[in-house]
Each structure stands twice: as structure tokens, then as C-alpha cells.
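Working notes, beginning with the structure itself.
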Amino acid sequence: MNRRVVVTGLGAVSSLGIGADALTAAIRAGQVGTGPITGFDTTGFPYVRAGEVRDFDPAALLRRVTPQRWGRSSLLAAAAAVLAVRDAGLDRADQARLDRLRAGSVMGTTSGESQVVDRLAAEWVGGGLKSLDPDLVAQVPASQIAVAVNTELGLAGDALTLSTACAASNYALGYGADLVRTGEADLMVCGGADSVNRYNHAGFYRLGALTEEVCRPFDAERQGILTAEGGVALVLEPYDRALARGARVYAEFLGYGLSCDAKHMVHPDAASIAGCVRSAHRNAGITPADVDYICAHGTGTPTNDVTEVAAVREVFGDRVPPISSIKSMLGHTMGAASGFGALVCCRAIHDGFLPPTANLRAVDPALGPDLDCVPGTARPADVRIAENHGFAFGGNNAITILGKVA
Amino acid sequence: MTTTAVRPLAVTAEGVVTPAGIGLGTLVDALAGRAAACADPQQLPGQEVLPEPVRLVEDLRLAEHVGRKGTRYLDRTTALGLVSSRLALRGDPSGDPAGDPAGDLAGTGVVVGTSAGSLRSIGEFARDTLVRDEPYLVDAATFPNTVMNCCAGQIAIWNGLRGVNATVAGGQLSSFHAVRYGRNAINAGQVGRVLLGGVEELCPQTAWGWRATRLLDPQLPIGEGCALFLVEDAQAAAAAGRPAVAELLACEVESPGPVDARPPMAHRLARTVTRALERSGVRPGEVSLVAPGATGLAGLDAAEQRAIRRTVGADTAQLRVKDVVGECFSANGALQLAAVLAHWRTHAPSGAVALLTALGPDGSAGCLVVRSTTGSAS
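Taken in order, these protein sequences are the chains called H and F. Start counting the first sequence at 1401; every next residue gets the next number (the working numbering). Start counting the second sequence at 380; every next residue gets the next number (the working numbering).
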């Protein structure tokens, strides 16, 4: 079986708003969602900013998945999934017609329930390992994130959390799309979730990867990332089923590419990324000339941006399409990052705009001439095919291709 | 319900590290009662007290397998994975069937089941932000160890494996999800062959965590281990003349949420078994060996046995690998598969079929059907 796969629902819980509409409006306006950290005590940290979801009330969206039994990443994922299914117009009657065993979720994450780990570490310091709270321990497995989605939505098929660090959502989308394409499933909810937390903030600071104030991808004075959090979900289903139920189709999932540098845990490799772009194009059946927009990994570290642009130039030559980074606004949502990228690509295709790079003052000359990073705010444009980048610790590259249904 | 036949995966090599020792041969001996698994908590590096009983890998000497250079900051989860990967790709020094080191390493992917990465590495790093003079005075060199895909990434780096590199977290079903993910990656043309399995390290954080939750029978040991299998499409392996030790047939999962919801756990598991046998083209009566995974898990053990009775009958022989290796969470499924291969080294007619099952406290149920090909493919 080889079915066409489309995206019919989008859900987001982010520092720029709850719901895909709120997020899209903020992205188009170039709003910045990062700010002072409130989720943990920042005393002693030189840098104290991140992209937090401040107005997230799990009880407003979730009925089965509660804060008493689930960690923050699971709550963010389940809430995004509820919003995505609602956005897809899959009401309860539709769900009843769906074979629950043929519906599931694949969610990406970098650090899973990292806030839970922070709390357990505090218990360890306070009372020793024998004092660990069993209810918290039960929340630790990363698998809980996808199980939370299935539990809340009443899905009974696959529940898989892909822990492929910051490329994880693209991994999740590729796998979920294959399950639908091959007939293993009729509906997959795919995306990712991560939480802002103390140990990751410390680690990224110590790596020298953090910036102090704002994230400035592609800027000559960019310093690094801001850690961020959020949950994002996309509903994938067969094109024929979407048509039959009269669903709104945001975009077709055209294909994806995956590769591993196999060289270094934290330094990206331009040639390997270029190979991943080419394999994504092959898989999607497109050529570089077909791509209208690249949603960059664009972390805003000096190394990532120069490596990523070099890889893009290797593939696209003199015709580099507009390329922007939504991390300038959301910060780096880690395992959810490429899921947010995919969501924004779907809206760019459906609504007709190029997402911007915020905080961009002067494009780094080291990135080469004529680079259109869509500075400031969104531009209206006909985006037929968008390419969504996600790169990760471990030299992992994952690229998804989304396109207008032709 | 999907009932179409699956494309079998050929297992052409394996790398197994367990409390029985290094290599599959040691597990053969331990399962046969000829050797004992290591149960001495003093053999685990570190000063912390562990809640007994435990099972652990004795003499895990990473440098003997990969050389000393560059191993200083690697944690135990990664070490277990790296040693297993070397055994699978380069053969076992004890004389196990060797993988083909000249094979297409760059075209090989990695799919590793995990619970949440190395909980020792993550826990100690988080603790450092609380106990050091300043919260940011953590050790940057160990930060990559806190990321869940560290083991899979290092396996790729040390072996030059440039294909798909996935880390899959599916709780007790993690290793089964590795099989499903790996099969899809091969069928979808993303990669030619995959090193897939699961890894779990024993550490005080995990061990005390298990005991706190009381999910595991207190008499049963908490263990560790890693099993990785080099797999490719069975037809492709046969066409290329590469011998297989076994074929992985259907692997089915269900995750409808909590245990206390309907349907009951036994029903969930039985349903996956029925579907998996059908998709494997195997009749229930052909299953000659069952390797259960929920052994010792509160409430789930009995449900698993009910499902087994209902689907393949009460008289089918069972192989309990946890008696040797302990509770290994996300590596359980991979270690069940290792045990089946170990069992077949001494007992198997070619064509024998085994059923591996798993149930999790998160309400998930799944199974894997495996066929012995030893003697028939070479």
C-alpha cells in the first residue's frame, strides 16, 4: 500500500500562544516569546532567560491526563494533541467511527520529563535515593509522552516516543507518515514536547551554547540559543480519508530524509547535512528548484548557522530559497523544535506567507551573499513546497518536506 | 485491523552483554544452569548502596573492545551499547558467529530502545546543579551523556554507521518498537540494514526507583544488559547469500493507556498475539517456545500468562530470561530475543517458532514472533 499522507490538524502549546492560530499570528508578527525564567530558581545562573509556556492550564484542555500522574512534557504533548485533533475537526462521532487500534501517536523529545528528574534530584540531595517519591519515579520514562497522547485521545495503536534529541519531531513525523502511507495506521498524531528545566539550562550554559538576551539566528552578532519548551502535534491521515470526510488539508507530507554524521556528538557536519537534504528531496520526489522555503534548524549558535547555510548552498547552489528560523521567536524547544517547524511550514503553505527571522539586525557576512532570512516580520508568498530542518546531538539530521496538495 | 503479511527481517549477527557475561555463549550457559549470573552489587563501579537482589555485568571493560582512546567520559549505558555493537559487527572473541565487518557500515542504521537514557548520568548532572558552589559549575564533558540518544550516537560514531539513527522509548515495549521502527526504515528504503535492540544500565537511581514504585516483585532482581541485532530484509539477505540465525516475523503493539481502563491487559496482549501470528503466517500450534516479558511485574504477570494460555496454550515451553539477567525495562524485549537465540543454539530444529510477549504498567501490550533459520540458510 502506498497512500498519500496529508496534515489535517495542528496543535501547539507554546510561549507564543496556545493553539496553532495564536502561534501563527505571533510568528507572522515576529513576536518574541522568550523572557525571564520563572519555572525554576535561577539564583547563581549568569544567564536567566528561556522560552517558557507561562499560561498553560492543563485542566483547561485535558480530562484524563492530569498533573497528579503525568510530568510537564506529557501534559504539553497531550494538550497539543487535543488541540490538533480539534483543529482537524475530528469530533467524538468521527473518533467513534475510527478504529482505535489503527490510530496512535509518535512524539519526539530531547530530555523527556526533565522537570521530574530535577525534582527527583532535589529529593536525592535532601533525603537520599531511598526517599524518592514513587509517583514521580513512575513519571520518568520518556515513553510516557506518547502514552499520554494516546490516553487523552483514546487512541489504542502505537504510542512511541522518539528520543532522537533535537531532530526528534521530524523523526516522529517521518515514522508516523510511513505508518499511514503503508496502511499500518489510518490516523497518527505526531509532534514533540520538552520542558524548560534546570539541568539543561546549566548544561547548555556550560557548553557555551546559550545567549544572554535574545536569540539571533543568522545575525553577525549571534551568540547562541535560548532553551525553550512546548508541545506540538500534527494530525496525519490518508488523503482519501481526509477528502471523504471533507477535512481541511493544510499540506501533503511529501517525504523525509534521515542521516547520521557519525563523527561528533555536538559538532554538525555540512557534507552530511547536504546529503540528508538530497535524500529528503529524493524521498519526496522533488528537486532543489521546487523548494520555496526552508524552515531552518537555525539555532543561532555561531557553528550551527554557518554549517547549515554551507550545507544548503552545497545543495541549492546560487538559488537558495528564503530561509528563516522560528527559534528567534520561540527559542529552542528541543525535541519539539522540528515539530513547531513543521506546523509553521503547514501554515505557510496553507495561508501563503514566509515565516520571519526575528531579532535579525545584520546577516553575518560569513554566511555568504544574497541570503534571504526574511528579517523582522512575515512576507506574503505562495509557498508550494517547504523544507523543514532538524539537527541534533549525536550528529543526527532529519528533514521533512511538506507541500501544497496538487 | 491490519492483517497483511509482514516482510521478515533476517538476523545476521548479534551482540549480547548480560549479567551472564560478554557474548551470547555466556547466556547459553547461564540459561542451561551451567554458569551463574553476577549478583554481587560490589562489582558495580561507584560507592552507593544498591537495594538487593541485583544482576549486573561483571568486568565491563570497554577499552578491551574499542581501545582506550576517547572513552574517558563515556557512561555505562553507552559502554554496554558500544561493546554490544562491536560484538554484532565484528564478531565475538569467544567464537560466536561473526558479523561481516566489511559490510556496508555507512549504509547501516542504529535503532536503540531506551527508558530515558542513562539515569545515572542525568541524575548526577541534575544533582550537580544543586550541590556545587554555583549551579552552572557542571561538567560540560558529561553533558552529552544526559541526552537520551547518546548511546545510539556513540554507536554510530565508533562504528561509522551513517544510516538512520533512532532512539525509541516505549517503556516495556521499547525493544519491540525498535523492531517495528527498524523494519519500517528498511521497507521504506531509508537504510539497508539496521543494528537494533535495547539497552539498560543498572544504577542506584534506577534500582531505588524500581523499589520505590513497588511495581516489581521484591524477590526478583533488578538487572542490566544490552542486546543488539544486525538485521536486514530477509529476501535481500538470502539473495546475497548472507546466512541468518533467525527471522523476525510480525511485531504488534497496543497502547490504549492505563492498566485500569478497558479492555483488560490479558485481552490487549491476546489481541496482539492473534494479529501477530496471522501476519506472520504462523498457526498457534506451531509456536514451540514462549519468552514472557512481564515476569515479576505486579498484576501483569498473571495477565500475560492468561493471554499466553488463550492464544498458544498452556503447554508451550516457556523461557524466563529475567531469572538470569534481572528486570531490564527497555532492554527486556531484546534480552528475551537473545535468550531465544541462545536456547535455539542447543535445542532448535530449523523452522522452530518462538513468541515473545510484553506488558507494561503504562497499559501497553505487545509481542514479537521469531522463526529459527539455523541450518537452513547456510
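All C-beta atoms, glycine included, are put in the ideal place defined by N, C-alpha and C. Computed from a predicted structure; not experimentally measured.
CB contact check: residue i to chain H, cutoff 8 Å
{"i": "Cys630(F)", "result": "no"}
{"i": "Leu509(F)", "result": "yes"}
{"i": "Phe504(F)", "result": "yes"}
{"i": "Ile536(F)", "result": "yes"}
{"i": "Leu540(F)", "result": "yes"}
{"i": "Gly754(F)", "result": "Low confidence applies here, because Gly754(F) scores a pLDDT of 48, under 50, leaving its location unreliable and the question unanswered by this model."}
{"i": "Arg572(F)", "result": "no"}
{"i": "Gln584(F)", "result": "yes"}
{"i": "Met644(F)", "result": "no"}
{"i": "Gly636(F)", "result": "yes"}
{"i": "Val578(F)", "result": "no"}
Secondary structure of residue i, DSSP reduced to three states
{"i": "Ala1628(H)", "result": "strand"}
{"i": "Pro1688(H)", "result": "helix"}
{"i": "Ser634(F)", "result": "coil"}
{"i": "Thr1442(H)", "result": "coil"}
{"i": "Ala477(F)", "result": "Interpretation of Ala477(F) is limited by its pLDDT of 48, a score under 50 that renders its predicted location unreliable; the figure taken from the coordinates is listed afterwards. Reduced to three states, the DSSP call for Ala477(F) is coil."}
{"i": "Gln1431(H)", "result": "coil"}
{"i": "Pro1722(H)", "result": "coil"}
{"i": "Asn544(F)", "result": "strand"}
{"i": "Thr653(F)", "result": "helix"}
{"i": "Thr1408(H)", "result": "strand"}
{"i": "Cys746(F)", "result": "strand"}
{"i": "Leu1553(H)", "result": "helix"}
{"i": "Arg1779(H)", "result": "strand"}
{"i": "Val1485(H)", "result": "helix"}
{"i": "Leu626(F)", "result": "What sits at residue 626(F) in the sequence shown is Glu, not Leu. Correct three-state label for Glu626(F): strand."}
{"i": "Tyr1447(H)", "result": "coil"}
{"i": "Gly1646(H)", "result": "coil"}
{"i": "Val570(F)", "result": "coil"}
{"i": "Ile601(F)", "result": "strand"}
Interface flag, residue i vs chain F, CB-CB below 8 Å
{"i": "Ser1563(H)", "result": "yes"}
{"i": "His1681(H)", "result": "no"}
{"i": "Asp1594(H)", "result": "no"}
{"i": "Cys1808(H)", "result": "Any property of residue 1808(H) remains undetermined from this structure, which presents chain H solely from 1401 to 1806."}
{"i": "Met1588(H)", "result": "no"}
{"i": "Phe1570(H)", "result": "Inspection of the sequence shows that residue 1570(H) is occupied by Asn rather than by Phe. No, Asn1570(H) lies away from the interface with chain F (no Cβ there is under 8 Å from its Cβ)."}
{"i": "Gln1468(H)", "result": "no"}
{"i": "Leu1501(H)", "result": "yes"}
Beta-carbon gap between residue i and residue j smaller than 8 Å
{"i": "Ala1585(H)", "j": "Gly1554(H)", "result": "no"}
{"i": "Ser553(F)", "j": "Ala1559(H)", "result": "no"}
{"i": "Gly1790(H)", "j": "His1697(H)", "result": "yes"}
{"i": "Ala717(F)", "j": "Glu393(F)", "result": "yes"}
{"i": "Gly449(F)", "j": "Thr487(F)", "result": "no"}
{"i": "Arg1407(H)", "j": "Leu1754(H)", "result": "Note that residue 1407(H) is Val in the sequence shown here, rather than Arg. No, the pair does not count as a contact, with Cβ atoms beyond the cut-off."}
{"i": "Ile1545(H)", "j": "Met1507(H)", "result": "yes"}
{"i": "Ala558(F)", "j": "Ala564(F)", "result": "The sequence given here places Val at residue 558(F); Ala does not occur at that position. Result no, Cβ atoms of Val558(F) and Ala564(F) do not sit closer than 8 Å."}
{"i": "Pro514(F)", "j": "Thr521(F)", "result": "no"}
{"i": "Met1734(H)", "j": "Ile1427(H)", "result": "no"}
{"i": "Arg1394(H)", "j": "Asn1402(H)", "result": "Because chain H here runs from 1401 to 1806, residue 1394(H) falls outside it and cannot be looked at."}
{"i": "Ser1738(H)", "j": "Ala1567(H)", "result": "yes"}
{"i": "Ala467(F)", "j": "Leu574(F)", "result": "yes"}
Beta-ladder partner(s) of residue i, from DSSP
{"i": "Asn1812(H)", "result": "Since the displayed chain H opens at 1401 and closes at 1806, residue 1812(H) lies outside it and no answer follows."}
{"i": "Ser554(F)", "result": "Answer is none; Ser554(F) lacks a bridge partner."}
{"i": "Asp1640(H)", "result": "Looking at the DSSP assignment, Asp1640(H) forms no beta bridge with any residue, so it has no partner."}
{"i": "Val669(F)", "result": "Gln697(F) and Leu734(F)"}
{"i": "Ser1473(H)", "result": "Paired residues: none, contrary to the question."}
{"i": "Tyr452(F)", "result": "Answer is none; Tyr452(F) lacks a bridge partner."}
{"i": "Asp1594(H)", "result": "Gly1630(H)"}
{"i": "Met1507(H)", "result": "Thr1561(H) and Gly1591(H)"}
{"i": "Thr397(F)", "result": "Gly400(F)"}
beta-carbon residue i near the ligand SAM non-hydrogen atom, thresh 7 Å
{"i": "Asp1457(H)", "result": "Of ligands this structure carries none, so the ligand SAM is not represented either."}
Legend entry - Residues in the stretch 1519 to 1542 of chain H having any Cβ partner in chain F nearer than 8 Å: Leu1520, Ala1521, Ala1522, Trp1524, Val1525, Leu1529, Lys1530, Leu1532, Asp1533, Pro1534, Val1537, Ala1538, Val1540, Pro1541 and Ala1542
Legend entry - Selection of the stretch 479 to 494 of chain F by Cβ proximity to chain H, strictly under 7 Å: Thr493 and Ser494
Inset, instruction - Compile a chain-ordered list of the residues in the stretch 1687 to 1720 of chain H whose CB is closer than 7 Å to at least one CB of chain F. - result: none
Inset, instruction - Identify each residue in the stretch 1600 to 1631 of chain H for which the Cβ-Cβ distance to at least one residue of chain F is less than 9 Å, and report them in chain order. - result: Asn1600, His1601, Ala1602, Gly1603, Phe1604, Tyr1605, Arg1606, Leu1607 and Gly1608
Inset, instruction - Using a Cβ-Cβ cut-off of less than 9 Å, give me the residues of the stretch 444 to 457 of chain F that come near chain H, in sequence order. - result: none
Legend entry - Residues, ordered as in the chain, of the stretch 542 to 560 of chain F that lie near chain H by beta-carbon distance below 9 Å: Gly542, Val543, Asn544, Ala545, Thr546, Val547, Ala548, Gly549, Gly550, Gln551, Leu552, Ser553, His556, Arg559 and Tyr560
Inset, instruction - Please list the residues of the stretch 707 to 741 of chain F that have a C-beta atom closer than 7 Å to any C-beta atom in chain H, keeping them in chain order. - result: Asp741
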